Amino acid sequence: MKYTIDENGCYGKFGGAFIPEMLYPNVEELRLNYQTIIQSADFINEFQYLLRHYVGRPTPLFFAARLSEKYRAKIFLKREDLCHTGAHKINNTIGQILLARRLGKRKIIAETGAGQHGVATATVCALMGMDCIVYMGQLDMERQRPNVERMRILGAHVIAATSGNMTLKDATNEAMRHWINNPTDTHYIIGSVVGPHPYPDMVAQFQSVISEEIKKQLINEIGNPYPDYVVACVGGGSNAAGAYYHFLNDEPVQLIGVEAAGKGINTNESAATTALGKVGILHGSKSLLMQTEDGQVIEPYSISAGLDYPGIGPLHAHLFDAGRVRFISATDDEAMNAGIELSRLEGIIPAIESAHAVAALSQLALSEEDVVVLNLSGRGDKDLETYIKWGKY
């Protein structure tokens, strides 16, 4: 089974570029140039230099002894929460800002849900001296206020999206409208493995540093590069794509994706796309998304702003369709309880997105010899207000 894109930018029957005519020049410029640029020696050298000296890579692979004792398995945490800005998102924004600069772009736009991609984008724009506009749903701005202020401190202009349910989908819509109106001098840094080709492939390649490091680190930890499980939360799916990337063809490695069940899959307040979605087109690509019978997007819900998206990226839709990734889900309460459990067992407060991945441990039939790598995609500083409001600790 092939898990990479074909010549049309598709993963199996998913992907492609379904875009309005006004966006065609922007997307085509990227498609024609991105591979040549990111495979050039000068790009690779600068990208790797910044990952090492600015982002702080490689991030540790931490053996979680107390968590392992509880779940009777060997559990390792890939500490993406220790990246500069507090999440994996900066791996991609570093890559895309370097690409944008080589394409002669002077301005950057982005969308954000939990705010981590927005912060990472604002950070690299400050680093490179480029103008930055970040679109964020009004609801997400209220529940992720610290990240909004971080973006503003870094010099970004944060614009509220007030349509729909005022979350990530709506911020993405607004960012795409802006790009249509400013095609020549602006690059749109999409934060996840969503959107028209080449974005899903490009973002996955930039995030693949996660699984590349995991393999090397496991050789030191267990003597070989192959865990029994790799677990990651999935909204759009960038951290999961990065964690899975170099394991996709290693069939004995079980890949687990954890979606946000919200208040329950059958409550109409959920974001569990693989359980509730069907094939459709959203934000420029064909994938799985939550929609009505006549194709209208169903508003998602999750306590986690970063998983509050009505679809998944086309790579993940293909991996689900092919049976390569097993998708499960965790409710708000299951994720929050898992976040508190990790905090008290290992002294690590996770982002609520990452807490969904931690919640998967109770759903896996683990044995004492199983090696589990859990991608801890972000830290919980941004979510303290949500933890406090939830209050069950």
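So the sequence shown is numbered by my numbering: it starts at 773 and just counts up by one.
The C-beta atom is built at its ideal place from N, Cα and C for all residues, glycine as well.
Please read all numbers here as calculations on a predicted model, not as lab measurements.
C-alpha distance - residue i paired with residue j, whole-angstrom precision
i     : j     : result
C1005 : A1033 : 11 Å
S840  : R1151 : 20 Å
T944  : Y907  : 7 Å
E1031 : V1097 : 12 Å
R917  : G963  : 19 Å
E914  : T939  : 10 Å
I952  : P830  : 37 Å
E852  : Q811  : 24 Å
P970  : Y1165 : 43 Å
Beta-carbon spacing of residue i, residue j below 8 Å
i     : j     : result
Q977  : S1010 : no
A859  : A1123 : yes
P1086 : A1043 : no
N919  : G887  : yes
H1018 : S983  : yes
M892  : K861  : In the sequence as displayed, the identity of residue 892 is Ala instead of Met. The answer is yes: Cβ separation under 8 Å.
I880  : H959  : yes
L870  : V981  : no
E921  : A933  : no
A1089 : A1131 : no
N954  : L875  : no
Enclosing beta strand (DSSP E) for residue i [first to last residue]
i     : result
N1166 : Outside the shown range of the chain, which is 773 to 1165, sits residue 1166, and nothing can be said about it.
C1005 : 1001-1005
M908  : 903-909
S935  : Counting along the chain, S935 falls outside any beta strand (DSSP E), and DSSP gives it neither H nor E.
R924  : Looking at the DSSP string, R924 is not in any beta strand (DSSP E); the run it does join, the alpha helix (DSSP H), is 917-925.
Y796  : Taken as a continuous stretch (DSSP letters only), Y796 belongs to no beta strand (DSSP E), being part of the alpha helix (DSSP H) at 796-810.
Candidates the options, of which the one nearest residue i by Cα
i     : options                    : result
D778  : A1013, P972, K1050         : P972
C904  : I1037, A872, R915          : A872
Q1063 : C897, S1139, A1047         : A1047
A898  : M913, G927, V975           : G927
S1126 : M1108, G1119, H950         : M1108
T1039 : G1007, L1091, D1104        : D1104
M923  : K1154, D957, G787, E800    : K1154
L1027 : M900, A1129, L795          : A1129
G895  : T956, I866, G1078, K877    : Inspection of the sequence shows that residue 895 is occupied by Thr rather than by Gly. Of T956, I866, G1078, K877, the residue nearest in Cα terms is I866.
I1121 : V1145, Q1135, I1160, E1141 : I1160
Buried versus exposed, by CB contacts within 10 Å (16 or more), residue i
i     : result
V1051 : exposed
Q1029 : Checking the displayed sequence, the identity of residue 1029 turns out to be Gly instead of Gln. Its Cβ being crowded by 16 or more others within 10 Å, G1029 is buried.
I816  : exposed
Y1081 : buried
Q868  : buried
P999  : buried
M794  : exposed
S1187 : Nothing about residue 1187 can be read from this structure; the chain reaches only from 773 to 1165.
Residue interval of the alpha helix (DSSP H) (run including residue i)
i     : result
A1123 : Taken as a continuous stretch (DSSP letters only), A1123 belongs to no alpha helix (DSSP H), as it is neither H nor E.
V827  : No alpha helix (DSSP H) contains V827, which DSSP labels as neither H nor E.
S840  : 837-843
T1158 : 1156-1162
Within-8 Å CB hit, residue i to chain C
i    : result
E818 : Structure shown: chain C not included; a single protein chain is present.
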